[in-house]
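Position 428 of the sequence shown, counted from 1, bears residue number 428 in the UniProt record's numbering, the numbering being contiguous throughout. Quick reminder that beta carbons are idealized off the backbone N, C-alpha and C, glycines included.
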Amino acid sequence: MTSDICRFESASQLHDHGDGHVHSHAGHDAHEHGHTHEQMDSPGFYQDRPKAIYDKRDWSERAFTVGIGGPVGSGKTALMLALCQRLRETYSIAAVTNDIFTKEDTEFLVRHAALPEERIAAIETGGCPHAAIREDVSANLNALETLHSKFNTQLLLIESGGDNLAANYSRELADYIIYVIDVAGGDKVPRKGGPGITQSDLLIVNKTDLAHIVGADLEVMARDAKKMRGNGPTVFAQVKNGVGMDEIISLILGEWHASGARRHTRHLTYKHRSVNVDQKKDENIFAAIGAAYIGYKVFTLLKTLFDVYVAPGISLKKFGAGQGAWAVITGATDGIGKEFALQLAKKKFNVFLISRTASKLEAVAEEIASQYGVETKCFAMDFTKGNPEDFSKVGEILNSIRVGVLVNNVGVNHEIPTPFEEEDETIINNIVEVNIKGLMKMTKLVLPQMKTNRNGLIFNLGSFAGLVPTPYLSVYSAGKAFLSTWSQALGTEVAKDGIVVEHVNTYFVVSAMSKIRKPTILIPTAKNYVASVLSKVGVACGANVPFTSTPYPTQGIVNWVINNVFSHHFWVKHNDSIQKDIRKRALRKREREQAAALKTQ
């Protein structure tokens, strides 16, 4: 702290602004500056408070002034610091502090670099601090006017030296009055009233984070503040933590605009105009960045809508439809897998069906042969076993046909949402064996001939559980996340060989695995879902990663929302909430079934 910090004594009534403008406050009588203590019959009312008079204000003499008062320790200086930090980059501001016998508030602001040191003035008020802001305001007016003359300010801040509830600013000194209390005095403070409580333009209840420690009831304080202030604004804040500062600043600037003082800013000196020009350039840069960001988001949304409703996919004829090529479908006897088999057969692919149950395979094969007149082959295997002999036999069959399409559809899930540490080891192993290992083995079997033919289409059936981590389905979710990453890597590797890898990002579909029986706007039947997949090959439809498609229209839009609205953390917590609810219902159902089984024994 340098030794030349301004000190304005109460007796200093004649001063020079440095531009030839000299005037005195000595001529004011006791009604204006005399140190008197008026008798108060009541704390007064907000609606009857003395109003700021703007039509006679000479803004060229002193800028719009915000007076901050309140008891010692309530957070006035912290508020001054926060306001300086938030406003200094946009506005030309200066500050005046009042202390009884020290300059410690000014030293605090300088130490924390609230403003350049020359923009902060200190007043030593002597034994009666509130007199300097109400009865004898000369020293503070001198300081404020000098700072304004020197720096051509737009906003001036002044802090009182510690007041009781009866103290308040003179309207000659402050255009906007803020009174700060805190919760440390208990929740009874607002109802005690006093001009600071009832007649300030803004009441701030600070340090609300300490309410539970000191036993203060914030609801009681809010109720009493409302009773004492009527419609007067009250902000509950944690100034040091930034809580409530946006509202406080909004109220200050709102009154500044209403006062007409803002119009005087066009008279700023060349120096300040230069600062404002540079600041305007910065604002324009940030505005351009913001506009570009928003424009990009709008573009991706429009592209998503175009993709899901208009854009055509790659024709399946490119992969041998109607030309003797085969489609290989795993998990082909139910739900989505069966629909892939039926619809690919309808498009004149021969079909090779792989699933666990031989009887179901034969039934689907007969249905396809009778309806569409294409060739069929079947192989029954249990993917959970991971039997090398089964994959060897499948490989022999694949080598005897020309494979145009592989649908990696087979998959298993948790029986119900379950915490990882409670999940059965068999279920964990089955998910890894089927959803990861089995899928990779099938892909490795078809890749050699697809590379030789320089043609092929591989569908990897994914899930939104891989897009957003899903608690209580952690292994399944991780497997689907693996599938997404692996599909992108594989798709990049084989694109040069004419092979298209399509990771199909799937929300819920009516099926036995999902246990959903009725379709909705977001949840289609397997038939409608597969039709969307086959019509949108190579079209992203809301997905924002390579070699991935979310083809069903409403699901594509939801995919875009997840990628662009709210945080990733929000969606994980959202999934957590959903799965907890499903788990509760599943456990209740399991208990009912067990109870019913006991009754029948």
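Touch test, the stretch 101 to 111 against the stretch 119 to 132, Cβ-Cβ under 8 Å, three pairs minimum:
yes
(message) Does the stretch 483 to 499 come into contact with the stretch 438 to 452, if we say contact requires no fewer than three beta-carbon pairs (one atom in each stretch) closer than 8 Å?
(response) Yes, the stretch 483 to 499 touches the stretch 438 to 452.
Original post:
By Cβ distance below 7 Å, which residues in the same chain neighbour residue 311 in space, the five residues on each side in sequence not counted?
Top reply: 539
Could you check how far apart the C-beta atoms of residue 506 and residue 473 are, in whole angstroms? I think they sit under 8 Å. Actually they do not touch by this definition, with Cβ atoms about 14 Å apart.
Inset, instruction - Rounded to whole angstroms, what's the CA-CA distance from residue 139 to residue 75? Just pull it up for me. - result: 23 Å
Once the 5 residues before and after residue 252 are set aside, which same chain residues still bring their CB inside 7 Å of it? 66 and 176
Q) In angstroms, rounded to a whole number, what distance separates the CA positions of residue 48 and residue 211? A) Those two C-alpha atoms are separated by around 31 Å.
I want to know whether the stretch 107 to 121 touches the stretch 177 to 190 - three or more CB-CB distances under 8 Å.
no
key: Residue environment, residue 435, which counts as buried when at least 16 other CB atoms sit within 10 Å   = buried
For the stretch 383 to 398 against the stretch 361 to 372, are there 3 or more C-beta pairs whose distance is under 8 Å?
no
- prompt: From which residue to which residue does the alpha helix (DSSP H) around residue 582 run?
  reply: 568 to 600
query = From residue 57 to residue 560, what does the alpha carbon distance come to, in whole angstroms?
reply = 55 Å
- request: Hey, could you find the ends of the alpha helix (DSSP H) residue 407 is sitting in?
  value: Careful: residue 407 lies outside any alpha helix (DSSP H), inside the beta strand (DSSP E) at 403 to 408.
Examine the Cβ distances between the stretch 329 to 337 and the stretch 525 to 532 and report whether three or more of them are shorter than 8 Å. Output reads yes: the stretch 525 to 532 touches the stretch 329 to 337.
- Cβ of residue 603 within 8 Å of Cβ of residue 395? No answer is possible for residue 603: it lies beyond the span of the chain, which begins at 1 and ends at 601.
_Cβ pair residue 328, residue 406 closer than 8 Å_ = Note that the C-beta distance between residue 328 and residue 406 is below 8 Å.
Measure the CB-CB distance between residue 248 and residue 258 and report whether it falls below 8 Å. Contact flag unset, no.
Which runs of the alpha helix (DSSP H) at least 4 residues long sit entirely within the stretch 195 to 261? Give them in chain order. 195 to 198, 211 to 214, 218 to 229 and 245 to 259
**Request:** Identify the continuous alpha helix (DSSP H) that holds residue 383 and give its terminal residues.
**Result:** No alpha helix (DSSP H) contains residue 383, which DSSP labels as neither H nor E.
Buried or exposed, going by whether 16 or more other CB atoms sit within 10 Å of the CB of residue 209?
exposed
Next item on the list: Indicate whether residue 351 and residue 376 have their beta-carbon atoms separated by less than 8 Å.
Entry: Contact flag set, yes.
**OP:** Quick one: give me the first and last residue of the beta strand (DSSP E) that residue 97 is part of.
**Re:** 93 to 99
(message) Checking the sheet assignment: what are the DSSP bridge partners for residue 59?
(response) Paired residue(s): none; residue 59 is not in a bridge.
### Message
For residue 582 and residue 83, what's the separation of their Cα atoms in angstroms?
### Response
48 Å
- Message: Suppose you measure from the CA of residue 220 to the CA of residue 193; what does that come to, to the nearest Å?
- Response: 14 Å
Can you tell me whether residue 575 is buried or exposed? The criterion is at least 16 other CB atoms within 10 Å of its CB, across all chains shown. Residue 575 comes out buried.
When burial is assigned at 16 or more other CB atoms within 10 Å of the CB, is residue 626 buried or exposed? This structure gives no information on residue 626, because the portion of the chain shown stretches from 1 to 601.
Considering just the uninterrupted stretch of the beta strand (DSSP E) at residue 479, what are its terminal residues?
Premise fails: residue 479 lies in the alpha helix (DSSP H), 474 to 494, not in any beta strand (DSSP E).
Return the chain-ordered ranges of every alpha helix (DSSP H) run that is complete within the stretch 116 to 198 and spans a minimum of 4 residues. 138 to 151 and 195 to 198
Assuming residue 579 and residue 469 form a contact by the criterion Cβ under 8 Å, report the distance between their Cβ atoms to the nearest whole angstrom. Incorrect: roughly 11 Å between the Cβ atoms, too far for contact.
So, for residue 87: in the same chain, excluding its five sequence neighbours on each side, which residues have a beta-carbon less than 8 Å away from its beta-carbon?
93, 155 and 249, listed in sequence order.
Closest Cα partner of residue 531 within the set 373, 509 and 107:
509
| Bridge-paired residues (DSSP) for residue 376 | For residue 376, which the question treats as bridged, DSSP gives the partners 351.
Range of the contiguous alpha helix (DSSP H) that encloses residue 430
425 to 432
- [ ] Measure how close the beta-carbons of residue 72 and residue 162 come, nearest whole angstrom, since I'm counting them as under 8 Å.
- [x] With a contact defined as Cβ atoms closer than 8 Å, residue 72 and residue 162 qualify at about 4 Å.
### Message
What does DSSP give as the partner residue(s) for residue 326 in the beta ladder?
### Response
According to DSSP, residue 326 bridges with 350 and 403.
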